[in-house]
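Comments concern the structure below.
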Amino acid sequence: MEHFKPEEVIVERGSEESSICRNICRALPEVPFRIVEPGDLFHDRAAAAGERFGTAKRKLYVAKHRGDFFKKCPGSEGQVCCNYFVINFASNCPMDCSYCYLQDYLADNAELKVFSNVDDLIAEADRTLSKHRGVFFRVGTGEITDSLALEPCTGIVRELIPYFAEQPNVLLELKTKSDCVDSLLDLDSKGRVVVAWSMNPQPVIDADEHGTATLRERLSAARRCQEAGYRLGFHFDPMIEYPGWESDYRAMIEETFATIDWHRLAWVSLGVLRDTPALKRTMRARFPKTQLLTGEQVFCPDGKLRYFQPLRVDMYRKMTSWIRRNAPTVKIYLCMETREVWQQVFGYAPACEKELGNQMAPSL
Amino acid sequence: MIREHAQAKGFHPQTLERWLSWETSARDALLSLALDLKISENHLRDLMDWLEEAALRDGAAIEALLARQSIDDIKTDPRLGRADKLKRIKEQVRRLRFPRLAQTEDEIRQNIQALKLQPAIRLSVAPGLEGGRLQVEFSAATSEELANLSAQLNQAAAKAEAGEIFRLLAGRESDEKTK
Numbered sequence: 001m002e003h004f005k006p007e008e009v010i011v012e013r014g015s016e017e018s019s020i021c022r023n024i025c026r027a028l029p030e031v032p033f034r035i036v037e038p039g040d041l042f043h044d045r046a047a048a049a050g051e052r053f054g055t056a057k058r059k060l061y062v063a064k065h066r067g068d069f070f071k072k073c074p075g076s077e078g079q080v081c082c083n084y085f086v087i088n089f090a091s092n093c094p095m096d097c098s099y100c101y102l103q104d105y106l107a108d109n110a111e112l113k114v115f116s117n118v119d120d121l122i123a124e125a126d127r128t129l130s131k132h133r134g135v136f137f138r139v140g141t142g143e144i145t146d147s148l149a150l151e152p153c154t155g156i157v158r159e160l161i162p163y164f165a166e167q168p169n170v171l172l173e174l175k176t177k178s179d180c181v182d183s184l185l186d187l188d189s190k191g192r193v194v195v196a197w198s199m200n201p202q203p204v205i206d207a208d209e210h211g212t213a214t215l216r217e218r219l220s221a222a223r224r225c226q227e228a229g230y231r232l233g234f235h236f237d238p239m240i241e242y243p244g245w246e247s248d249y250r251a252m253i254e255e256t257f258a259t260i261d262w263h264r265l266a267w268v269s270l271g272v273l274r275d276t277p278a279l280k281r282t283m284r285a286r287f288p289k290t291q292l293l294t295g296e297q298v299f300c301p302d303g304k305l306r307y308f309q310p311l312r313v314d315m316y317r318k319m320t321s322w323i324r325r326n327a328p329t330v331k332i333y334l335c336m337e338t339r340e341v342w343q344q345v346f347g348y349a350p351a352c353e354k355e356l357g358n359q360m361a362p363s364l
Numbered sequence: 365m366i367r368e369h370a371q372a373k374g375f376h377p378q379t380l381e382r383w384l385s386w387e388t389s390a391r392d393a394l395l396s397l398a399l400d401l402k403i404s405e406n407h408l409r410d411l412m413d414w415l416e417e418a419a420l421r422d423g424a425a426i427e428a429l430l431a432r433q434s435i436d437d438i439k440t441d442p443r444l445g446r447a448d449k450l451k452r453i454k455e456q457v458r459r460l461r462f463p464r465l466a467q468t469e470d471e472i473r474q475n476i477q478a479l480k481l482q483p484a485i486r487l488s489v490a491p492g493l494e495g496g497r498l499q500v501e502f503s504a505a506t507s508e509e510l511a512n513l514s515a516q517l518n519q520a521a522a523k524a525e526a527g528e529i530f531r532l533l534a535g536r537e538s539d540e541k542t543k
């Protein structure tokens, strides 16, 4: 895949001496840099209205994050929660998937930003992790950005791994659609880091995951991470239903498990395409030809649109059976699904989020 | 004409803009329906969503979808009032947009009917089949009536049609295909 190269890097004054800014300067010597006062950082926001979400991805902002870094994953109302925590070291993503919820979630704050105060991030994580040593934390960095797509220029994950590798009660998950793993391969994660890929068959990648790594590139990167000692995760999410989806997804699963050693997989998750009316409007405007809008999705009680339940349960059951044939005991969970759906797919539902979270921990 | 109609009905500019972005023949077909049935903006937006998405999926023209026999039969049925026509045409368009959902709903409805329960017992499923549950409603004025209704429900639960309803709700239709 072609690695991200912004048209310009805009640095908030005070961040220019940060290690992240220095990494970016080193990695992108030919890209123009501009230092601006904090108040002027987003002065061109109004001028760039319209296709702002797309254009915002062409510049990279480096600024201090002034809010909390460490948060509980919001999940979705009424759905089984996997007790996940998130750390946001950047906001927005250089890739441009048609279905990306950030198009709506970050509509008014679309600038692609990486946060320069990594020390604050680590200090905040350390306060929580040290205070609750009896609690096992699964922490991800891929909620409002891709965990690794910016890594070749920012090197931020390389700064985080040594800290998390030393913590006894955490598992850091790096979730990506990229193949940007080179800077991770010489680090010892001590079993505390899972590198995970969002997976879709190549026809879906071609149609709707713009600027991401190909399926082969993702699998090749996964294999290299596994050889370097990392645990892996795969998220078959969002699964897209279309004529012929079964053969494409089945082939992808077979290719995946032929490429990596499933015994050292941390987990696999399944989730179907989810959107909202607002996101659909944005998708319709930005990607008018996408077939994603034509699936048989209905309103669910949490306000999201999903394929109607019997259809998506059938999809989950097929996916589960194909995965089980290749990896009989791998841990599979559903993302943002109700207890009823869990029951229909697996014949059981976790009693609470703690139970599901704990199910992920002991195998590690 | 569309502009005047939208203005007269007070439609949001985005609705008008979207309508005008359609091919002439498609927008005229919807205008004809909108004028005949005096369609309000919310209903019109539902129709636009479903028609656009069905057309995109099926590679069909919107005007061809609206010219289907099933829709024309309703439009021209002299026994139906305007509100009934709109309700039924919307249902037809919804069925075009969600064919497998509609088929599953039909099969569940047929199985409910085949259980031949007393009118005092009402079986239904959630819109969009979300939740995977069959809802059962009944009321009784005496203990005898309650016992009768319960006995009838027990008998119904043992019938193949009841099992079929739960099979459909659980998405097990294509079990065989996965083997």
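Chains as they are written, first to last, in the working numbering: chain A, 1 to 364; chain B, 365 to 543. Each residue gets a CB set at the ideal place from its N, CA and C atoms; glycine is no exception.
{"Item": "Span separating the alpha-carbon of Pro277(A) from that of Lys304(A)", "Value": "8 Å"}
{"Item": "CB contact below 8 Å: Val268(A) versus chain B", "Value": "no"}
{"Item": "Reference Glu241(A), options Leu219(A), Gly211(A), Val272(A), closest by Cα", "Value": "Val272(A)"}
{"Item": "Backbone CA spacing between Phe462(B) and Lys373(B) [nearest angstrom]", "Value": "29 Å"}
{"Item": "Leu187(A) beta carbon less than 8 Å from that of Arg158(A)", "Value": "yes"}
{"Item": "Residue burial classification, Arg325(A) (beta-carbon count within 10 angstroms, cutoff 16)", "Value": "exposed"}
{"Item": "Cβ-based burial, Met336(A) [other Cβ within 10 Å; buried from 16]", "Value": "buried"}
{"Item": "CB contact flag (Phe85(A), Phe136(A), <8 Å)", "Value": "no"}
{"Item": "Nearest-angstrom beta carbon gap, Leu41(A) and Ala63(A) [assumed within contact, 8 Å]", "Value": "6 Å"}
{"Item": "Chain-ordered neighbours of Gln309(A) on chain B, where CB pairs are closer than 8 Å", "Value": "Gly492, Leu493, Glu494, Gly495, Gly496, Leu533, Gly535"}
{"Item": "Continuous beta strand (DSSP E) assignments of at least 3 residues falling wholly in the region 130-192 of chain A", "Value": "137-140, 170-176"}
{"Item": "Supposed contact pair Asp206(A) and Leu178(A) - C-beta distance, whole angstroms, cut 8 Å", "Value": "Checking the displayed sequence, the identity of residue 178(A) turns out to be Ser instead of Leu. That pair is no contact at about 16 Å."}
{"Item": "Closest residue to Ala534(B) among Ile260(A), Gln343(A), Phe33(A) (Cα-Cα distance)", "Value": "Gln343(A)"}
{"Item": "Unbroken stretches of the beta strand (DSSP E), 3 residues or longer, contained in the region 256-285 of chain A", "Value": "265-272"}
{"Item": "Span of the alpha helix (DSSP H) around Phe53(A)", "Value": "52-56"}
{"Item": "8 Å Cβ cutoff, Pro301(A) in contact with chain B", "Value": "yes"}
{"Item": "Given Tyr99(A) as reference, the closest of Asn23(A), Asp208(A), Phe53(A) once Cα atoms are compared", "Value": "Asp208(A)"}
{"Item": "Sequence-distant residues of its chain with Cβ nearer than 6 Å to Ala107(A) (five each side left out)", "Value": "none"}
{"Item": "Selection from Arg464(B), Leu510(B), Gln516(B) that minimises the alpha carbon distance to Glu296(A)", "Value": "Arg464(B)"}
{"Item": "Own chain, CB closer than 7 Å to Arg192(A), minus 5 neighbours either side, in chain order", "Value": "Phe164, Ala165, Gln167, Val170, Leu171, Leu172"}
{"Item": "Where Gly50(A) falls, given that 16 or more other Cβ within 10 Å makes a residue buried", "Value": "Caution is warranted here: a pLDDT of 47 is assigned to Gly50(A), below 50, making its placement in the model unreliable, and no coordinate value can be reported."}
{"Item": "8 Å Cβ cutoff, Glu417(B) in contact with chain A", "Value": "yes"}
{"Item": "Distance between Lys480(B) and Leu397(B) (C-alpha atoms, nearest Å)", "Value": "38 Å"}
{"Item": "Same chain only: Cβ atoms within 6 Å of Met252(A), ignoring 5 sequence neighbours per side", "Value": "Pro201"}
{"Item": "Where the beta strand (DSSP E) through Ile332(A) begins and ends", "Value": "332-334"}
{"Item": "Length at least 4, wholly inside the region 461-533 of chain B: the alpha helix (DSSP H) runs in chain order", "Value": "463-478, 507-522, 524-533"}
{"Item": "CA-to-CA distance, Arg52(A) to Leu380(B), given in whole angstroms", "Value": "23 Å"}
{"Item": "With 16 other Cβ atoms within 10 Å as the buried cut-off, status of Tyr348(A)", "Value": "exposed"}
{"Item": "Member of Phe115(A), Ser91(A), Phe89(A) whose CA lies at the smallest distance from the CA of Gly14(A)", "Value": "Phe115(A)"}
{"Item": "Residue(s) in a DSSP beta bridge with Ile35(A)", "Value": "Val11(A)"}
{"Item": "Residues that Gln297(A) bridges to, as DSSP identifies them", "Value": "Tyr307(A)"}
{"Item": "Alpha-carbon to alpha-carbon, Ala520(B) and Arg284(A)", "Value": "46 Å"}
{"Item": "Distance between beta carbons of Thr128(A) and Cys89(A), contact taken as under 8 Å", "Value": "First, the residue type needs correcting, since residue 89(A) is Phe and not Cys in the sequence shown. Actually they are not in contact, since the Cβ atoms of Phe89(A) and Thr128(A) sit about 15 Å apart, beyond 8 Å."}
{"Item": "Pro491(B), buried or exposed, once every other Cβ within 10 Å from all chains shown has been counted against 16", "Value": "exposed"}
{"Item": "Chain-ordered chain B contacts of Leu273(A) [CB-CB under 8 Å]", "Value": "Per Cβ cutoff of 8 Å: no residues; Leu273(A) is ~14 Å from chain B at best."}
{"Item": "Coil, strand or helix - Asn91(A) by DSSP", "Value": "It is Ser, not Asn, that sits at residue 91(A) in the sequence shown. Of the three classes helix, strand and coil, the one that applies to Ser91(A) here is strand, per DSSP."}
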